[in-house]
Structure formats: C-alpha cells, structure tokens
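The sequence shown maps to residues 1 to 90 in my numbering. Every residue gets a Cβ at the ideal spot worked out from N, C-alpha and C, and that includes glycine. Contents: one structure, followed by commentary.
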Amino acid sequence: MIRVTGTLTCSTVEDADLVRQHLPEHIRLSRAEPGCLTFNVDPTDDPLVWRLDESFVDQAAFAAHQTRTRVSVWYEATAGLKRDFKIRED
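Encoded structure:
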C-alpha cells in the first residue's frame, strides 16, 4: 500500500478560493480511481492550509493517480501552490 500525507499551502486568499472551488471535483474523481483506498483533503485551522491523507493499493495505482491529476483542471488551477507530501510504502 502507498500512503501519502502532508499539506497543501496557499499564499493568498485567492489561491484558497481556487482550492475550495476545485477541491470537491478533485476528491470525487480521485476516490473513483481504481486502486484508491482513501482520499481526504481537509482544511486546517489555518484557512490557507489543507491536510491530505491518501492511500492507494500499490505503486501502479498511485502512479495512475499522479498521471491523471497532472493533466486535470485541479492541477492547472493549483499548480503554483506549495505541496509538502511524504510518500511511504507499507
């Protein structure tokens, strides 16, 4: 299993608005992917930071997720945001 944890950090309120606008569809599409076990992106006490917790059955499922997201509306809208993720294999 591949587990991804970390944060997504916005620099501005406008960036945070983009996250809120696009996040529901990103979550829906990610959870529908074959091999996605969990996919949670939750706001923190800081309105510019989201905590993420994802898991995938294996490296191939995670790689497919990354491939899909790199060409998605989500990634286009949020490409400039700071992503601080840790990836581990259990």
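Check whether V19 and F85 have beta carbons under 8 Å apart
no
Cβ of G80 within 8 Å of Cβ of D58?
no
If we count the other Cβ atoms within 10 Å of its Cβ and call it buried at 16 or more, is I2 buried or exposed?
buried
Measure the Cβ-Cβ separation of R51 and F39 and say whether it is below 8 Å.
no
Can you check whether the CB of R83 is closer than 8 Å to the CB of G6?
yes
Per-residue burial, T44 [other beta carbons within 10 Å of its own, 16 or more giving buried]
exposed
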